[in-house]
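Before any comments, here is the structure.
In structure tokens, the structure reads:
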């Protein structure tokens with residue numbers, strides 16, 4: 026479907042090289058670009074995966090450090106207050122990291138399911 030209004034008026038888009046581009050109708054959808062098959066990754070999801078890895082890494086480090094501090098002196102020689110804080114907050118950090126990983130995996134499963142063609146019911 027061509028946009029006859031813009032063709033009569035004679036407005037044309039011009040690219041950066043000065044070549045006239047075809048008129049585009051605002052009422053007709055453009056065909057999908059066959060060269061772009063895969064969408065770019067969501068930067069927020071990538072940031073959440075990095076945050077999740079950081080939470081889990083810090084949680085496991087804090088757990089081993091606090092457990093080692095209870096057994097005796099460590100190479101870091103943390104104070105009793107820091108060891109108490111690490112031991113108090115580590116379970117919540119690990120739980121938050123695991124819940125975030127589960128939520129991200131669920132999000133990926135939903136996105137994968139949307140991309141799959143739906144089965145037809147043949148009864």
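Numbering (our numbering), first residue to last: 26 to 148.
Even for Gly, the Cβ is constructed at its ideal location relative to N, Cα and C.
Quiz item: Under 8 Å between the Cβ atoms of residue 119 and residue 84?
Solution: Between residue 119 and residue 84, the CB-CB gap stays under 8 Å.
Practice problem: Rank 66, 136, 108 and 70 by C-alpha distance to the C-alpha of residue 92 and give the top, closest one. | Solution: Ranking the options by Cα distance to residue 92, first place goes to 108.
Exercise. Verify whether the separation of the beta carbon atoms of residue 73 and residue 129 is less than 8 Å.
Key: Against a cut-off of 8 Å, the Cβ pair of residue 129 and residue 73 comes out as a contact.
Quiz item: Taking only runs of the alpha helix (DSSP H) that begin and end inside the region 68-97, which ones reach a length of at least 4 residues, in chain order?
Solution: Segments of the alpha helix (DSSP H) lying fully in the region 68-97: 68-96.
Quiz prompt | Enclosing alpha helix (DSSP H) for residue 113 [first to last residue] | solution = Note, residue 113: alpha helix (DSSP H), 105-140.
Exercise. Could you name the residues of the same chain whose beta carbon sits closer than 7 Å to that of residue 65, not counting the 5 residues immediately before and after it, in chain order?
Key: Excluding positions up to five away in sequence, the list is empty.
Quiz item: Given that a residue counts as buried once 16 or more other Cβ atoms are within 10 Å of its Cβ, and exposed if not, what is residue 115?
Solution: Under a 10 Å Cβ-count criterion, residue 115 is classified as buried, with 16 or more other Cβ atoms of the shown protein chains found around its own Cβ.
Practice problem: Please determine, among 89, 104, 132 and 44, the residue with the shortest C-alpha to C-alpha distance to residue 67. | Solution: The option with the nearest alpha carbon to residue 67 is 132.
Quiz item: How would you label residue 40, buried or exposed, when you count the other beta carbons within 10 angstroms and need 16 or more for buried?
Solution: Residue environment for residue 40: exposed (fewer than 16 other C-beta atoms within 10 angstroms of its C-beta).
Practice problem: Taking the CB atoms as reference points, tell me whether residue 111 and residue 87 lie closer together than 8 Å. | Solution: Yes, the Cβ-Cβ distance between residue 111 and residue 87 is below 8 Å.
Exercise. Tell me, to the nearest whole angstrom, how far the beta carbon of residue 77 is from that of residue 126; I am working on the premise that it is less than 8 Å.
Key: Contact between residue 77 and residue 126 holds: CB atoms are separated by about 5 Å, below the 8 Å threshold.
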